[in-house]
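Residue numbers (my numbering), protein chains in the order written: chain A, 92 to 439; chain B, 92 to 439; chain C, 92 to 439; chain D, 92 to 439. Remarks on the structure that follows.
Protein chains: 4
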Amino acid sequence: MEPILNKQPKFIGIAGATGYTGEELLRILKRHPYLSVEFVTSENEAGTALHDYYPDLQGYAGYRFIALEETVNFKVDLVFLCLPHGQSAQWARPFIQQNAKIVDLGADYRFDTPEEYKKWYDLDHPEPDLLSESVYGLPEWNREVIKTARIVGNPGCYPTSVLLGLLPLLKEKLITGNSVVVDSKSGVSGAGKSPSKTTHYVQVNENLTAYKAGRAHRHVGEMEQEIAKYSDFSLKVVFIPHLVPLTRGLYSTVTFQIHKDVTAQQMRDVLHQAYDAEPFVHVMDTILPGIKMATSSNHCFLAADVVEETRTGIVFSAIDNLGKGAAWQAVQNMNLMLGFPEETGLNA
Amino acid sequence: MEPILNKQPKFIGIAGATGYTGEELLRILKRHPYLSVEFVTSENEAGTALHDYYPDLQGYAGYRFIALEETVNFKVDLVFLCLPHGQSAQWARPFIQQNAKIVDLGADYRFDTPEEYKKWYDLDHPEPDLLSESVYGLPEWNREVIKTARIVGNPGCYPTSVLLGLLPLLKEKLITGNSVVVDSKSGVSGAGKSPSKTTHYVQVNENLTAYKAGRAHRHVGEMEQEIAKYSDFSLKVVFIPHLVPLTRGLYSTVTFQIHKDVTAQQMRDVLHQAYDAEPFVHVMDTILPGIKMATSSNHCFLAADVVEETRTGIVFSAIDNLGKGAAWQAVQNMNLMLGFPEETGLNA
Amino acid sequence: MEPILNKQPKFIGIAGATGYTGEELLRILKRHPYLSVEFVTSENEAGTALHDYYPDLQGYAGYRFIALEETVNFKVDLVFLCLPHGQSAQWARPFIQQNAKIVDLGADYRFDTPEEYKKWYDLDHPEPDLLSESVYGLPEWNREVIKTARIVGNPGCYPTSVLLGLLPLLKEKLITGNSVVVDSKSGVSGAGKSPSKTTHYVQVNENLTAYKAGRAHRHVGEMEQEIAKYSDFSLKVVFIPHLVPLTRGLYSTVTFQIHKDVTAQQMRDVLHQAYDAEPFVHVMDTILPGIKMATSSNHCFLAADVVEETRTGIVFSAIDNLGKGAAWQAVQNMNLMLGFPEETGLNA
Amino acid sequence: MEPILNKQPKFIGIAGATGYTGEELLRILKRHPYLSVEFVTSENEAGTALHDYYPDLQGYAGYRFIALEETVNFKVDLVFLCLPHGQSAQWARPFIQQNAKIVDLGADYRFDTPEEYKKWYDLDHPEPDLLSESVYGLPEWNREVIKTARIVGNPGCYPTSVLLGLLPLLKEKLITGNSVVVDSKSGVSGAGKSPSKTTHYVQVNENLTAYKAGRAHRHVGEMEQEIAKYSDFSLKVVFIPHLVPLTRGLYSTVTFQIHKDVTAQQMRDVLHQAYDAEPFVHVMDTILPGIKMATSSNHCFLAADVVEETRTGIVFSAIDNLGKGAAWQAVQNMNLMLGFPEETGLNA
């Protein structure tokens, strides 16, 4: 039974609400007891009734999409930015100036430096000052700084799944070698809503393919930045994402070299120690995670194993790419930033 | 924003919680602010930790399945029965005697008479007295009697989808002829959790087949019983269910003869009049319903059309078979029976 | 064991080979022992190596797409037209003038009159003379005229499934009333290859929706034209197509009024009589057809039933929309037109 | 156009034809021009008409399943064994004694020694002499010995996908380190036809999970046996299979350490050199393989890449687990053993 608090409602805006992450935010924010959604933007659909665009999204009667520039008329406590990279960076400024906090679901506020951002996104960051104060929004590792941040860069879906599994093992120095191999499998909602040859049902169904393998995917940069904070040696990510025929869900199978005598039990103990007090990260001992466990939730399921003959460590990680990998984690960050109990509205 | 009431919690039990409807109940009851789940039964899994059976169902730490006979030790306000037909009928009695109310998700308390029950389920009803006081739990049509009922028979998934579309048209006397043809398409969760040749992934995927067509499916009886209450002539149901490759969701396409000069607009007006004040039934004017609109929710989406050349009326109805077709509607009934606002815990 | 004939190869062209029907033709023509594919056209991909466009289509090394106007340089015995409607009509002429026969997989040569064509496709038919000599390519009903035709209009996928079930019953005068209701379910390849919101994986998966219900779909005209040839009264088609989450396959559930005393057995007998000697149409007595039975084949599976209380007849029909509903039936027609045994290359 | 030879038909038996590989064999053998299927066995279905069990398998009118012991009455040239491991080993003997050749689609004749067999299957091999003469049926690597073998052990689906990618690179000494990591993704038909919790549609759909990760899957033994023949150092396989929601298809993503200065181009050149003359193995340079490319065929699609920063080599391999991974490769082996052109009946 959820505690019934006497909270003042907070006012929220969503910038860019016609994509999958915006839709998911709209859906789950209706379950949050202390919020009022004040505006919902879309450049293409400005003026359209929200109910005409999302006929199944109940509870938004009377809402219309507005254009970004119209948001100046609203006073909000926090804005979720679901904009293309480059645009989020720019729109953070006007909201910050109105004392709104920001959770950016894109990539613009995930990096520590404009140099690293430019390296992976090939853009000069338009707001390096804001970038320098922004916080990487992985609550299990950055909870305290998120609470007081004005801007949180919500982690990418792939990095969320991988970092939750690797960081405890790195911190406890169980990993060695020069690389980790990340073999990830993502549902199609991760590829975005724009119709394309790649996302046509007939192309995806009964199919599976790797893409952007090696160092080509931009999430490599984000993963290596965070990994570097917990390891005292250079560890490169070999990243091989795959598109699999399911709507939502993400599975990462991560392999790496472990130090001599590290056991599976030891790896599991380290993960348990890191997460047993966490509401959204779960370490499994006897079965392996499955994507379905995490569907439509903020949960991440982890397991670990060791192949002794080759001193290979394996971590298995399952999340919902739109859940812990995007909108639900964004709400978790919002709860921290606005002072709500961290699990509010995230029951699933 | 959900109203924050100062409600006393109510105590709930779930009898039969290892099937899909029991699992769905467990999931959504965690979002309900005024409940405490007291017991969860399974004859096969009695003693098992709930968390071992459902590793992904968070929030049930410490719960164990118990056997039905152990429930005598618990004092609850309401029990959800998710038992095979025949068993629900029997287990209602002991709970009623302890002053618990009952929502039966099976078929045992859906019929008005033991004769009709026997005709379709080939069983002598073991509790004809309780049957006679039980109420058919379609809230949009029986709201007031549900509020005071001790036993509610939660409607079948197919009948829910069909009756919501037909009853307003029958009541307003738009329909004629001797039959309605119900062509329904159901996801595989409707076929239950027991592994079988029929539910094997390889059999279902990239397949679609009709089954129990005509008058063979038991839901025909339930549909005709309710239809008869709103029509002054005999109207038989020709029912053709199909199994389609999706996990959850149910679509009914219903055709029938309409009176001369009945127009599509007239049909839509009648549906709007019936449901515009309802939180969970939505009439669409310009697009047709789709199953995905209703997924993981208590919503039903309806549309209507007319083929003038042949005086054929068409009703389209989409629900989630585990949502409005089972567990979510059961919670809607519970809200009415326990005096909660009808939408509590059903935001989606 | 296929008979080993000493056949001369025939020369074939495919006009419009980048869609699903063209691809399927390319695939199955490789299994045909007496053919040589001479040209493959695409206006968009002219010049592209076929192997670059279809990396998995083995056996076409050295082929390049050419533009339609380049086909004048080739001497072929038969051309498959897989062009948008309107274009097929025009391109038939130059091929006919070179003494090539035509199988048109589009709609341009399915109708008997330019008036009917215009009614459903809203175009003045550019070749009314050729239209008048063209033959409707349903081999089980028009075999003899197909053999000598210069132009065959390959039936639409929905009409193929429906007509194979209805025509025997109409011919034997079992059906009465003023309408048949056709509830069809089609895989997504039937919606074509162009990426769109409607065919995006996330939109289709775990979804199902009706579309163009009533008399809005163009296949209604084609069905009614053929139905009229076998019934001596006016019978309108109420057509309700649905898009279901599978790549290929089509299921039609057809309901209609039957004459008094018509039994299910009688309906089955009539179907058996019509098709027991046919290699590709199969009447099932004890189980209902399923889409998977027909996948990647030229087969159609039929069953029939009767609801006596309401005198409703039901026909169930399963085909592959790209098989008997398009490319495979086109090859069946080609076999007849070129004098090959009808089943050649169609084993599946 | 397939060459039209004047071949004598050969006589074939299928032992164990109710599973997925037996069904696939039945299907594709109908397309083979020089064969006559003499018997089809099933212990459970002995006496059943094949057409009742497989209503959609045309061309087997008159066939009935027989029990294995009844096969003594038939004189055949080759028998496909699709029996549980242990049983194949035993049944090879009586067929060999009648001068039939054997293609075993199970694991009993894949190993070189009874010791290795026992290590992975925990059984004393009942026919060590036959085992020692049996040949590992990977035609691209063992073509000549297959031609004259009496017994061919058809490779497992996972090993087929992996070995085709690795063996050329091992032979050319591009690989170093102590291990290869094989991350494989398999469709559900690979899990067999027995209904179980694991293969229930609702469990598989919208899900993905790893299983038997590390060294637990029996295919590890088969892979390491063959790898050892082409490497002069000990190379262990870390094998992580995943079940993905598709019916058929298998994808292996293989990572390993490469020698200094080995380039992606070098890896591709080595693969091209190995396979450019092969009809069924295709090396892709500019795009990555996808499972759909290989569906219902004997084709394997390969690609290779290198991450220079970490000296990691990656091989991508896509097959159909029932195609090149089972029944189609078995027919390829049969063609070699019976003296037919290797591609006969395998056009796709």
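C-beta atoms are modelled at their ideal positions from N, C-alpha and C, and glycine is treated no differently. Model, not experiment: these values are computed from the prediction.
Closer than 8 Å by beta-carbon distance: list the chain D residues that pair up with residue i, in chain order.
| i | result |
| --- | --- |
| K276/A | K276, L299, H333 and V335 |
| S287/B | P286 |
| Y302/A | L379 |
| N269/A | T401 |
Output, in chain order, the set of chain C residues within a Cβ distance shorter than 9 Å of residue i.
| i | result |
| --- | --- |
| K415/D | The contacting residues do not exist; K415/D stays about 12 Å from chain C at best. |
| H390/D | D147 and Q149 |
Quick one: list the residues of chain B neighbouring residue i, beta-carbon separation under 8 Å, in chain order.
| i | result |
| --- | --- |
| Y249/C | Here the premise fails: no neighbours, minimum Cβ distance about 15 Å. |
| D376/C | Within chain B, no residue comes near D376/C; the closest Cβ sits about 14 Å away, beyond 8 Å. |
| Y342/C | L299, T300, A301 and H333 |
Could you work out which residues of chain A lie near residue i, taking near to mean beta carbons separated by less than 7 Å?
| i | result |
| --- | --- |
| S489/C | Because chain C spans 92 through 439 in this model, residue 489/C falls outside it and cannot be assessed. |
| L122/B | The identity of residue 122/B in the sequence shown is Arg, whereas the question assumes Leu. Those are R122 and N438, listed as they occur along chain A. |
| D323/D | Result: empty, since nearest Cβ-Cβ is about 18 Å, beyond 7 Å. |
Output needed for residue i: all residues of its chain with C-beta closer than 7 Å, excluding positions within five of it in sequence on either side, in chain order.
| i | result |
| --- | --- |
| P212/A | What sits at residue 212/A in the sequence shown is Tyr, not Pro. The answer, listed in chain order, is H176, A198 and R309. |
| P380/D | F392, L393, A394, F407, S408 and A409 |
| T112/A | C173, L196, L413, A417 and A418 |
| A355/C | A395, D396 and V397 |
| A180/C | D199, H216, P217 and E218 |
| T139/D | R155 and F156 |
| R359/A | V374, D376 and A395 |
Using DSSP with H/G/I as helix, E/B as strand and the rest coil, what is residue i?
| i | result |
| --- | --- |
| C173/A | coil |
| E93/D | Summary for E93/D: the model assigns pLDDT 43, below 50, so the residue's position carries little reliability, and this model does not support an answer. |
| E369/D | coil |
| I378/A | coil |
| A395/A | strand |
| G118/A | Before going on, a small fix: residue 118/A reads as Arg here, not Gly. Here R118/A sits in helix by DSSP. |
| R155/D | strand |
| L131/B | Strictly speaking, residue 131/B in this sequence is Val, with Leu absent from that position. Of the three classes helix, strand and coil, the one that applies to V131/B here is strand, per DSSP. |
| F407/C | strand |
| G113/A | helix |
| V167/D | coil |
| L126/B | strand |
| I105/A | strand |
| D143/B | helix |
Spatial neighbours of residue i within its chain, please: CB distance less than 8 Å, with the 5 preceding and 5 following residues excluded, ordered by chain position.
| i | result |
| --- | --- |
| I187/D | I193, L221, R241 and I242 |
| K288/C | Q294 |
Apart from the five residues just before and just after residue i, which ones in its own chain have a Cβ nearer than 6 Å to its Cβ?
| i | result |
| --- | --- |
| G150/B | K121 |
| G247/B | H310 and E313 |
Indicate, with yes or no, if the ligand NAD has a heavy atom lying under 7 Å from the CB of residue i.
| i | result |
| --- | --- |
| Q189/C | By its list of ligands, the structure shown contains no ligand whatsoever, and the ligand NAD lies outside what it can speak to. |
Using the beta-carbon of each residue, which ones in chain A are nearer than 8 Å to residue i?
| i | result |
| --- | --- |
| E396/D | Per the sequence shown, the amino acid found at residue 396/D is Asp instead of Glu. Those are A304 and G305, listed as they occur along chain A. |
Would you mind telling me which residues of chain A sit closer than 9 Å to residue i, beta carbon to beta carbon, in chain order?
| i | result |
| --- | --- |
| A365/B | Within chain A, no residue comes near A365/B; the closest Cβ sits about 17 Å away, beyond 9 Å. |
Please list, in chain order, the chain C residues whose beta carbon lies closer than 7 Å to that of residue i.
| i | result |
| --- | --- |
| S280/A | V293 |
Original post:
What are the uninterrupted segments assigned as alpha helix (DSSP H) that are 4 or more residues long and contained completely in the segment 292 to 361 of chain C, given in chain order?
Top reply: Given a length threshold of 4 residues, each whole run of the alpha helix (DSSP H) inside the segment 292 to 361 of chain C is given here in chain order: 292 to 295 and 310 to 319.
Original post:
Can we say the segment 247 to 258 of chain B touches the segment 258 to 274 of chain D, given the rule of at least three CB pairs closer than 8 Å?
Top reply: Segments in contact, no.
Subject >> contact_flag[the segment 128 to 135 of chain A, the segment 200 to 208 of chain A] where n(CB pairs < 8 Å) is 3 or more >> reply: In short, these stretches do not touch, since the Cβ pair count stays below three.
Original post:
Pairing CB atoms from the segment 341 to 351 of chain D with CB atoms from the segment 270 to 281 of chain D, are three or more of them under 8 Å?
Top reply: Using a C-beta cut-off of 8 Å, the segment 341 to 351 of chain D makes contact with the segment 270 to 281 of chain D, since at least three inter-stretch Cβ pairs fall below that distance.
Subject >> Inside the segment 212 to 278 of chain B only - alpha helix (DSSP H) runs reaching at least 4 residues >> reply: Counting whole runs of 4 or more residues, the segment 212 to 278 of chain B contains the alpha helix (DSSP H) stretches 219 to 224, 230 to 239 and 248 to 262.
**OP:** Check whether the segment 323 to 342 of chain C touches the segment 225 to 235 of chain C, taking contact to mean three or more Cβ pairs, one atom from each stretch, closer than 8 Å.
**Re:** No, because fewer than three Cβ pairs between the segment 323 to 342 of chain C and the segment 225 to 235 of chain C fall closer than 8 Å, the two stretches do not touch.
**OP:** Enumerate, from N- to C-terminal direction, the unbroken alpha helix (DSSP H) stretches of 4 or more residues contained entirely within the segment 409 to 439 of chain A.
**Re:** Segments of the alpha helix (DSSP H) lying fully in the segment 409 to 439 of chain A: 419 to 429.
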